[in-house]
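Just below is one structure, and these are the notes that go with it.
Numbering (the numbering used here), first residue to last: 2 to 262.
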């Protein structure tokens, strides 16, 4: 499609080949674990037989959870390696999965009203504009369908969790919608099984302001159902640690929406 597509595809393939945690398929997942994972927010109740699109959610994790619960699962992801992990998980657990390499901004390969649920874990911030994504999701979801989407907390997206100065994590960047944040953290560290780290170029990542995300969802016919902040659980986190940072400034939001047409 464009430079962002080609660069992010290449870099996510490299990250997945380096065994980044998001590309490790849930091969040991049980139906009980899948139940806790999919239903943990209390919004989804029964996905048996539901048509589910895991959007830009490759890696054999989310598709495995839905597959184990009896949903009919389709995955669209930019990364060829991530999609191979989805096929690996399906073969391991014995359910069917349909995989498609593609960009979340273009869902034209799917017919209108094709899915009951669109499930999108953290990936929205890898494209510069949310509009094409939300319009595409609204088209492929059936009326009354559910959209789960995670996205970065835009107020802290460009704040380095290692920037603890003894008192605070300073907010030092302007709050700019659509800003390419890659220059703030051009490389990602991928921890290996032996504890060593591999440094690889990170994908393009963009800030989307809260008003842009919420208002664009609303303008495409989505009704808000709920929002949850993600924080690392730790009763006494060490100041300057990742757990401490997440309890000062939750880095991600998870949200549920229902499509009204």
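Backbone N, C-alpha and C fix where the C-beta goes; we use that ideal spot for every residue, glycine too.
The model shown is predicted, which means the values in this text are computed figures rather than measured ones.
Check                                                                                                                  : Outcome
Backbone CA spacing between residue 87 and residue 167 [nearest angstrom]                                              : 43 Å
Spatial neighbours of residue 108 in its chain, beta-carbon cut-off 6 Å, leaving aside the 5 residues before and after : 137, 141
Three-way DSSP call (helix, strand, coil) for residue 158 in this model                                                : coil
Endpoints, the alpha helix (DSSP H) within which residue 6 is located                                                  : 4-18
Cutoff 7 Å; reference residue 122; Cβ partners in own chain excluding five residues on either side                     : 58, 63, 151
Euclidean distance between Cα positions of residue 55 and residue 257                                                  : 14 Å
When 259, 180, 179, 158 are compared against residue 172, the one with the closest alpha-carbon                        : 158
DSSP three-state assignment for residue 146, whether helix, strand or coil                                             : strand
At least 3 beta-carbon pairs within less than 8 Å: the segment 41-55 vs the segment 17-29                              : no
Alpha-carbon spacing of residue 93 relative to residue 174, whole angstroms                                            : 45 Å
Residues near residue 235 by beta carbon distance below 6 Å, same chain, minus five either side                        : 244
Local Cβ density within 10 Å of residue 225, reported as buried at 16 or more and exposed below that                   : exposed
Simplified DSSP assignment, three categories, for residue 84                                                           : helix
Residue 259 in three-state terms, based on DSSP                                                                        : strand
Burial state of residue 13 (16 or more Cβ within 10 Å)                                                                 : buried
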